[in-house]
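Residue numbers are given in this note's numbering: position 44 of the sequence shown equals residue 47, and the series is strictly consecutive.
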Amino acid sequence: MITVLTGGTGGAKFVDGLRQIIPPDELTIIVNTGDDLKWWGLSVSPDIDSILYVLADLLSNERGWGFKGDTFLCLQTMAQYGESDWFKVGDRDLAMHILRSKLIAEGKTLAEATDVVTKKLGITARVLPMSNDKVETRIQTPAGELGFEEYFVKRRYQDEVLSVRFAGAEAARPAPGVLDAILTADAVVLAPSNPVTSIGPILAIADIRQALRETSAQVISVSPIVGDAAVSGPAAKLMTSQGLPVSIEGIAKAYEDFLDALVVDVTDAERGTRLARPELRVHSTNILMRSAEDKVNLAGEVLTQVTARAESNHR
Ligand code: GDP
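Dropping the structure here:
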């Protein structure tokens, strides 16, 4: 069993490769819910949706989020009614938000609702929200405190980031199955997701971070940083706000209490050699997922790290 911790876009690209080389029923995906929001009164879980769509082969590759070939007629109509339209919800995507909201209104937890939808989409991998409890990523900026999607989508991550907090994380419990999936996995992979606002909220749940420290499984991270920049999005700014260097060193630091192996880009190979320690293997390969082939190759390279540990244990 391989357990993946992930956010939305970078994580979804990585999961796309993984699902093609691992039988899906041997995959458990633990997903960030810190970006979840109420939109037009509906319960929206953007990162869960990206993972569900990629596993069902429905994700729009052009946009990296939302349903393939979706239309936006409802969004346009809502705008005509004077409703907010900065969060882009496609028509078929909307069906997901309606269904999830209906299931939750009927009394299901987020994990139960996710399980129902997963089955309806014919997905055999297990998809778990990190928690059934509300954990909200809040970004402090000179313009005030913003919800993650407000900062990211509405304001296009232009604001200076003063700090980040995860409201509700202290009291939040991991969703059923999350700790077990970490403790009993053959390997736990942290997808190339934003370390602060995608993996950060998951790690802010103390029992999850503790399980990562305790598990005998290999914990492997794929860097979302190449050189001194994020591949996309605001990870660099957010890492700086947390006092983390924007580099593979910063990724290693963010996960230093549990990380066994870090997969970095070939262009960071030399840096990786300097970073490697007896307790941290660093493996370099092409980590830029530009094509379908890149995704499958990267997933394969990550799996070699699971084997690498198994071999060194037998020596
Ligand atoms: P979000 O919830 O939509 O922000 O999604 P994620 O956190 O999963 O993905 C965003 C992160 O993915 C960013 O930090 C990017 O640097 C990283 N990323 C995007 N594309 C790639 C890629 O092709 N390779 C790697 N290594 N990282 C990527």
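Ideal Cβ placement from N, Cα and C applies to all residues, glycine included. If you're wondering where the values come from, they're calculated on a predicted model, not measured in any experiment.
Once DSSP output is grouped into helix, strand and coil, what is the label at residue i?
i, result
"GLU217", "helix"
"ASP268", "strand"
"SER104", "helix"
"PHE128", "Correcting the residue type first, residue 128 is Ala in the shown sequence and not Phe. Coil, per DSSP."
"ILE228", "strand"
"VAL199", "coil"
"GLY10", "coil"
"ILE208", "coil"
"GLU139", "strand"
"VAL309", "helix"
"VAL120", "helix"
Which residue wins for smallest C-alpha separation from residue i, given the options the options?
i, options, result
"GLN79", "GLY93, LEU215, GLY69 and TRP68", "GLY93"
"ASP96", "GLU109, GLY110, ALA108 and LEU76", "LEU76"
"ALA212", "THR74, PRO177 and ALA239", "In the sequence as displayed, the identity of residue 212 is Arg instead of Ala. Checking every option, the nearest Cα to that of ARG212 belongs to PRO177."
"LEU206", "LYS240, GLY171, GLY72 and GLY230", "GLY171"
"ALA324", "LEU306, THR74 and THR270", "Here the chain has residues from 4 to 318 only, and residue 324 is not among them."
"ILE101", "LYS41, SER166, ILE5 and GLY253", "LYS41"
"VAL269", "ASP136, ILE251, ILE51 and VAL191", "ILE251"
"ASP271", "VAL249, ASP19 and PRO204", "VAL249"
"SER134", "LEU106, GLY150 and ALA175", "ALA175"
"PHE17", "THR6, MET4, PRO195 and ASP60", "PRO195"
"ASP38", "VAL199, GLU282, SER224 and ARG284", "VAL199"
"ASP60", "LYS71, LYS105 and ALA279", "LYS71"
"GLU173", "LEU186, THR276, GLU273 and LYS137", "LYS137"
"THR140", "THR9, GLY203, LYS105 and ALA279", "GLY203"
"ARG158", "ASP260, GLY246, THR6 and ASP88", "ASP88"
"VAL225", "LEU106, THR276 and GLU304", "GLU304"
"PRO284", "ARG293, LEU262 and LEU301", "Position check: residue 284 holds Arg in this sequence, whereas Pro was assumed. Answer by Cα proximity: LEU262."
"VAL189", "ALA295, LYS298, VAL309 and GLY67", "Looking at the sequence shown, residue 189 is not Val but Asp. That would be VAL309, whose Cα lies nearest to the Cα of ASP189."
"LEU182", "GLU148, ASN197 and GLU217", "GLU217"
"VAL192", "ASN64, ALA302, SER46 and PRO26", "ALA302"
"SER197", "ARG293, GLU86, ASP50 and GLY85", "Reading off the sequence, residue 197 comes out as Asn, not Ser. Among ARG293, GLU86, ASP50 and GLY85, the Cα nearest to that of ASN197 is on ASP50."
### Task
Report yes or no: do the segment 100 to 118 and the segment 139 to 154 share at least 3 C-beta pairs separated by less than 8 Å?
no
### Query
Curious, which full-length alpha helix (DSSP H) runs of at least 4 residues does the segment 12 to 74 contain?
12 to 24 and 49 to 58
### Query
Okay, do the segment 227 to 238 and the segment 6 to 23 touch, 3+ Cβ pairs below 8 Å being the bar?
yes
#### Entry: Whole beta strand (DSSP E) elements within the segment 231 to 301, 3-residue minimum
264 to 268 and 284 to 288
### Message
Could you check whether the segment 26 to 38 touches the segment 126 to 140, counting it as contact only if at least three pairs of C-beta atoms, one from each stretch, sit closer than 8 Å?
### Response
yes
### Message
Three or more C-beta pairs under 8 Å: does that hold for the segment 42 to 59 against the segment 209 to 226?
### Response
no
### Query
Are the segment 133 to 150 and the segment 159 to 174 in contact at 8 Å, needing three or more beta carbon pairs?
yes
### Query
What are the start and end residues of each continuous alpha helix (DSSP H) run of 4 or more residues lying completely inside the segment 141 to 197, in chain order?
181 to 186
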